[in-house]
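Numbering that gives the first Met the number 0 applies: residue 0 is where the sequence shown begins, and numbers increase by one.
The next block holds one structure in the form of structure tokens; read it before the comments.
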Amino acid sequence: MKYLDLFPKTIKQAPAGAESTNHRLLVRGGFIDQLMAGSWTLLPLGYKVVSKIVQIIREEMDATGAQEMLMPLLHPKEVWERSGRWNKTDVKEIMYQFEDIRGREVGLAITHEEIVMDLLGKHVSSYKDLPVKVYHFSTKFRNELRARSGILRGREFMMKDLYSAHVSEEELFKYYEEVKQAYLKIFQRIGLEVRVVEASGGIFTDKYTHEFQALVESGEDIIYYCQSCDFARNKEIFNGKEGDKCPQCRGVIKAANSIEVGNIFPLGTKYSKDMKVFYKDEKGQDKPIWFASYGIGPTRVMGALVEVFHDEKGIIWPESVAPYQVHLVGLDLSETQIRIKAEDIYNRLQTAGVEVLYDDRADVTAGEKFADADLLGVPYRVVVSKKTEDKLEVKKRNRAEVEFLSYDELLGKLKTT
Ligand SMILES: [Zn+2]
Numbered sequence: 000m001k002y003l004d005l006f007p008k009t010i011k012q013a014p015a016g017a018e019s020t021n022h023r024l025l026v027r028g029g030f031i032d033q034l035m036a037g038s039w040t041l042l043p044l045g046y047k048v049v050s051k052i053v054q055i056i057r058e059e060m061d062a063t064g065a066q067e068m069l070m071p072l073l074h075p076k077e078v079w080e081r082s083g084r085w086n087k088t089d090v091k092e093i094m095y096q097f098e099d100i101r102g103r104e105v106g107l108a109i110t111h112e113e114i115v116m117d118l119l120g121k122h123v124s125s126y127k128d129l130p131v132k133v134y135h136f137s138t139k140f141r142n143e144l145r146a147r148s149g150i151l152r153g154r155e156f157m158m159k160d161l162y163s164a165h166v167s168e169e170e171l172f173k174y175y176e177e178v179k180q181a182y183l184k185i186f187q188r189i190g191l192e193v194r195v196v197e198a199s200g201g202i203f204t205d206k207y208t209h210e211f212q213a214l215v216e217s218g219e220d221i222i223y224y225c226q227s228c229d230f231a232r233n234k235e236i237f238n239g240k241e242g243d244k245c246p247q248c249r250g251v252i253k254a255a256n257s258i259e260v261g262n263i264f265p266l267g268t269k270y271s272k273d274m275k276v277f278y279k280d281e282k283g284q285d286k287p288i289w290f291a292s293y294g295i296g297p298t299r300v301m302g303a304l305v306e307v308f309h310d311e312k313g314i315i316w317p318e319s320v321a322p323y324q325v326h327l328v329g330l331d332l333s334e335t336q337i338r339i340k341a342e343d344i345y346n347r348l349q350t351a352g353v354e355v356l357y358d359d360r361a362d363v364t365a366g367e368k369f370a371d372a373d374l375l376g377v378p379y380r381v382v383v384s385k386k387t388e389d390k391l392e393v394k395k396r397n398r399a400e401v402e403f404l405s406y407d408e409l410l411g412k413l414k415t416t
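Written out as structure tokens, the structure reads:
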């Protein structure tokens with residue numbers, strides 16, 4: 000991509016009222032644009048990052064045997080009444096509910112447990128039809144009173160939600176554990192360090208659930224975790240304080256701010272019983288379906304990454320989700336020889352399968368180009384100029400030192416990372 004063709008361009012000033020780092024840097028870099036409070040356009044650069052996060056999630060979900068599909072966002076009241084959630088106060092507070100043109104009550108999706116249970120009712124009759132593991136990436140709506148923190152808390156946002164249905168509690172927890180491991184692998188691949196935290200189920204279940212919390216100083220959640228083992232609780236369910244002894248291993252408990260980037264809910268048989276969706280066992284008797292749901296918000300993950308990986312100059316993307324691998328900066332482009340060389344490097348990298356953003360502006364100072372490269376946070380900055388002669392000046396975004404490499408040496412470096 001040539002910078003002159005990229006829509007939109009970077010912005011020098013942070014938008015008014017942008018308190019959080021992700022809001023400031025993502026807007027300035029041209030990754031996202033705010034339509035209204037809690038409502039964001041993913042601009043081409045932001046969409047590229049989110050698409051890479053989505054692809055990592057998709058690969059790990061498919062590896063558990065789950066199947067991708069796509070469900071509607073406009074839900075009839077009747078299906079939500081079957082679970083009893085339509086009129087629950089804590090659901091009504093966050094769900095957009097209204098009458099359509101025929102006077103029927105409908106709601107915008109906050110989650111899809113009811114819709115999947117309705118599907119199971121139509122397509123599952125016997126134990127032979129289970130397990131079912133289905134997921135989709137789509138929009139969720141939340142009527143948030145306080146939509147803020149940049150892209151971390153929106154009134155509509157992208158979610159990956161997976162639902163699994165099983166014949167028994169044992170089968171459910173076997174798969175639940177598998178998804179927990181898949182989630183850890185996802186965050187490892189994305190480059191985000193997370194803690195698996197025990198939490199209360201909120202509007203989803205009376206049982207304990209698990210949150211995946213990224214440790215971030217600016218995070219609005221607080222978790223308590225052990226420095227020596229995997230013990231971790233969120234503040235709603237932890238009866239203790241920092242410095243206490245860990246109930247599991249007698250290690251020291253630490254408190255930390257965090258951002259929730261995923262959650263998984265073992266819902267048990269509640270939805271099956273409430274919505275009267277059963278399967279027949281080997282003896283032909285009706286049995287309740289064991290059910291669980293599992294969420295990750297790709298747009299929220301992008302925001303959390305910026306909160307973790309940035310400096311005073313801009314974003315520092317992990318390589319697995321960066322919008323481009325190389326930010327090629329052409330300097331002295333008014334000189335024909337240099338321009339030809341820069342274009343040649345751009346074309347060769349692209350042919351080699353490297354994603355390149357090429358700053359081809361001729362009327363901008365080196366300082367401005369470097370400032371934009373730091374703001375956008377692409378892992379490798381490669382400079383072609385009079386000074387570089389037959390070499391390329393290569394700098395990693397997260398390092399201070401500069402190397403002078405040949406094209407082949409650069410390519411070798413990119414292929415091994
Ligand atoms: Zn411990």
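Backbone N, C-alpha and C fix where the C-beta goes; we use that ideal spot for every residue, glycine too.
Source: prediction; values computed, not measured.
Ligand 1 and residue i: does the residue's C-beta get closer than 8 Å to at least one heavy atom of that ligand?
| i | result |
| --- | --- |
| residue 384 | no |
| residue 249 | yes |
| residue 237 | no |
| residue 38 | no |
| residue 230 | yes |
| residue 227 | yes |
In the DSSP assignment, the alpha helix (DSSP H) including residue i goes from what residue to what residue?
| i | result |
| --- | --- |
| residue 44 | 43 to 62 |
| residue 206 | Looking at the DSSP string, residue 206 is not in any alpha helix (DSSP H), and its letter there is neither H nor E. |
| residue 406 | 406 to 415 |
| residue 308 | Counting along the chain, residue 308 falls outside any alpha helix (DSSP H), and DSSP gives it neither H nor E. |
| residue 345 | 335 to 350 |
| residue 318 | Note, residue 318: premise wrong, no alpha helix (DSSP H); not H, not E. |
| residue 197 | Segment 193 to 199 is the beta strand (DSSP E) holding residue 197; no alpha helix (DSSP H) there. |
| residue 91 | 88 to 91 |
| residue 76 | 76 to 80 |
| residue 101 | It is not in any alpha helix (DSSP H) - residue 101 carries neither H nor E in the DSSP assignment. |
| residue 26 | 20 to 27 |
Assign residue i to buried or exposed, taking buried as 16 or more other Cβ atoms, counted over all protein chains shown, within 10 Å of its Cβ.
| i | result |
| --- | --- |
| residue 426 | The requested residue 426 does not occur in the structure, where the chain is confined to residues 0 to 416. |
| residue 155 | buried |
| residue 21 | buried |
| residue 103 | exposed |
| residue 212 | buried |
| residue 329 | buried |
| residue 94 | buried |
| residue 186 | buried |
| residue 116 | buried |
| residue 97 | exposed |
| residue 122 | exposed |
| residue 298 | buried |
| residue 324 | buried |
| residue 292 | buried |
| residue 38 | exposed |
| residue 302 | buried |
My guess is that residue i and residue j are in contact by the Cβ rule of under 8 Å, so how many angstroms apart are they, rounded?
| i | j | result |
| --- | --- | --- |
| residue 14 | residue 26 | 5 Å |
| residue 256 | residue 215 | 6 Å |
| residue 227 | residue 245 | 7 Å |
| residue 377 | residue 396 | 7 Å |
| residue 440 | residue 136 | Residue 440 is absent from the model: the chain starts at 0 and stops at 416. |
| residue 337 | residue 405 | Residue 337 to residue 405, Cβ: 17 Å. No contact. |
| residue 199 | residue 168 | In fact, because the Cβ distance is near 20 Å, the residues do not count as touching under 8 Å. |
| residue 332 | residue 341 | 7 Å |
| residue 260 | residue 193 | 6 Å |
The beta strand (DSSP E) with residue i in it runs from where to where?
| i | result |
| --- | --- |
| residue 267 | 252 to 267 |
| residue 33 | 31 to 35 |
| residue 287 | 285 to 287 |
| residue 328 | 325 to 329 |
| residue 220 | 220 to 225 |
| residue 98 | 96 to 98 |
| residue 232 | 231 to 233 |
| residue 107 | 104 to 107 |
| residue 277 | 277 to 279 |
Within 9 Å of any Cβ in chain B, is that where the Cβ of residue i sits?
| i | result |
| --- | --- |
| residue 25 | No chain B is present in this structure, which holds just one protein chain. |
Closer than 8 Å to a non-hydrogen atom of ligand 3 - does that hold for the CB of residue i?
| i | result |
| --- | --- |
| residue 8 | Ligand 3 is absent from the structure shown, which contains only ligand 1. |
Going residue by residue through the stretch 112 to 168, where are the continuous alpha helix (DSSP H) segments of at least 4 residues, counting only ones entirely within it? 112 to 122
Along the chain, which unbroken stretches of the beta strand (DSSP E) at least 3 residues long are found entirely within the stretch 357 to 402? 379 to 383 and 391 to 395
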